[in-house]
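Each position in the sequence shown, counted from 1, maps to that position plus 9 in the numbering used here. In this text, a Cβ means the ideal position worked out from N, Cα and C, and glycines have one as well. Everything numeric in this text was worked out from a predicted model, so none of it was measured.
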Amino acid sequence: MDTTQRTEQQRSADRRRRELLEAADRVVLRDGPQASMNAIAAEAGITKPILYRHFGDKSGLYAALAKRHTDALLDSLRAAVDAPADRRERVEATLDTYLAAIEARPQVYRFLMHPAEGAPTGDQGFDVGKQWAPLLRRMGEELAQVIEERLDLGPGSQQLARVWGHGIVGMMHAAGDWWLGERPCSRAELVRSLADLLWGRLAAAGDKVGSPGF
Numbered sequence: 010m011d012t013t014q015r016t017e018q019q020r021s022a023d024r025r026r027r028e029l030l031e032a033a034d035r036v037v038l039r040d041g042p043q044a045s046m047n048a049i050a051a052e053a054g055i056t057k058p059i060l061y062r063h064f065g066d067k068s069g070l071y072a073a074l075a076k077r078h079t080d081a082l083l084d085s086l087r088a089a090v091d092a093p094a095d096r097r098e099r100v101e102a103t104l105d106t107y108l109a110a111i112e113a114r115p116q117v118y119r120f121l122m123h124p125a126e127g128a129p130t131g132d133q134g135f136d137v138g139k140q141w142a143p144l145l146r147r148m149g150e151e152l153a154q155v156i157e158e159r160l161d162l163g164p165g166s167q168q169l170a171r172v173w174g175h176g177i178v179g180m181m182h183a184a185g186d187w188w189l190g191e192r193p194c195s196r197a198e199l200v201r202s203l204a205d206l207l208w209g210r211l212a213a214a215g216d217k218v219g220s221p222g223f
């Protein structure tokens, strides 16, 4: 098989994988954490063994969906951090971007972050509750890198940036999870309250010379 054939086969496989992920997304939007491999295969118009061939098993499909949505969320968060605004406005925009994302697609959020309560055992549901920690860890490391690159935190800046990055992500996740379930206030009110909590040290830290600022 020559290089051209291999490249075309790879493109075809990538295209088919995207189509299957889009079918899985439709099921997740409908069923949330109750989404099953059977339902996803039916939505895609294929048999379950073909679905397994592309993703290996439920965990493989879950990981692919998680990466797809986490990549999109991180892109949105980076855009908020890079917005042409002052630091307080960018902090609020970053918080709001996360909350807006989980509010817009609550079934996807629940699929990624919560197990299917009362779901049938066996092959019917995804046991995803145990797998959310790596997603939050990845977001925490990404934010830590942005903070370390852009803020002058003095001695021990790398460690402090990681503390801040993971702490902010943990706060967003916990507060967002509570807010999405109970809706005790508006999204704007929650954003302002969380920004107030963060603002002390963030306001005092200077930008690193030559960086685009935070």
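Buried versus exposed call for residue i [16 or more other C-beta atoms within 10 Å across all chains shown]
i       : result
Lys-67  : buried
Glu-199 : Residue identity check: residue 199 is Leu in the sequence provided, not Glu. It counts as buried.
Ile-59  : exposed
Ala-8   : Lying outside 10 to 223, the shown extent of the chain, residue 8 is not represented and no answer is given.
Gly-127 : Unreliable positioning characterises Gly-127 in this predicted model, as indicated by a pLDDT of 46, which lies under 50. The coordinate reading is nonetheless provided below. Per the 10 Å Cβ criterion, exposed.
Val-218 : exposed
Ser-45  : buried
Ala-22  : exposed
Thr-56  : exposed
Arg-159 : buried
Pro-43  : Here residue 43 is Gln; the residue named in the question, Pro, does not match the sequence. Buried, since its Cβ has 16 or more Cβ neighbours within 10 Å.
Gly-215 : exposed
Thr-13  : exposed
Ala-94  : exposed
Ala-92  : exposed
Gly-222 : exposed
Cut-off 6 Å between Cβ atoms - residues of its own chain near residue i, not counting five sequence neighbours on either side
i       : result
Ala-174 : A small fix is needed here, since residue 174 is Gly in this sequence, not Ala. Gly-149, Leu-152, Ala-153 and Ile-156.
Met-180 : none
Ser-85  : Thr-106
Thr-16  : none
Leu-82  : Ala-110
Option in the options with minimal Cα separation from residue i
i       : options                              : result
Phe-120 : Gly-41, Arg-35, Ser-220 and Arg-24   : Gly-41
Ala-102 : Ala-75, Pro-221, Arg-196 and Leu-144 : Arg-196
Ile-111 : Ala-53, Ala-214, Trp-187 and Lys-57  : Trp-187
Ala-53  : Glu-28, Gly-185 and Glu-191          : Glu-28
Ala-33  : Tyr-107, Gln-116 and Glu-17          : Gln-116
Val-36  : Ala-51, Leu-104, Pro-221 and Ala-184 : Ala-51
Leu-189 : Thr-79, Ala-81 and Ala-109           : Ala-109
Arg-62  : Ala-75, Val-90 and Arg-25            : Arg-25
Ala-75  : Val-172, Leu-169, Glu-31 and Ser-220 : Glu-31
Arg-147 : His-78, Val-90 and Leu-169           : His-78
Ser-220 : Leu-145, Ile-49 and Asp-161          : Asp-161
Start and end residues, alpha helix (DSSP H) containing residue i
i       : result
Arg-62  : 57 to 64
Trp-173 : 166 to 191
Arg-99  : 96 to 113
Asp-91  : Where Asp-91 is concerned, there is no enclosing alpha helix (DSSP H), given that its DSSP letter is neither H nor E.
Leu-145 : 142 to 159
Ala-53  : 46 to 53
Leu-162 : Element bounds for Leu-162: n/a, residue is neither H nor E.
Ser-220 : Here Ser-220 belongs to no alpha helix (DSSP H), and DSSP marks it neither H nor E.
Ser-202 : 196 to 213
Cβ-based neighbour list, residue i, same chain, cut-off 7 Å, excluding 5 preceding and 5 following
i       : result
Leu-207 : Val-100 and Ile-177
Phe-64  : Leu-70 and Ala-73
Trp-141 : Leu-121 and Met-122
Gln-167 : Glu-157
Leu-104 : Met-181, Val-200, Leu-203 and Ala-204
Cβ-based neighbour list, residue i, same chain, cut-off 8 Å, excluding 5 preceding and 5 following
i       : result
Ala-212 : Arg-96 and Arg-97
Leu-38  : Arg-114, Gln-116 and Val-117
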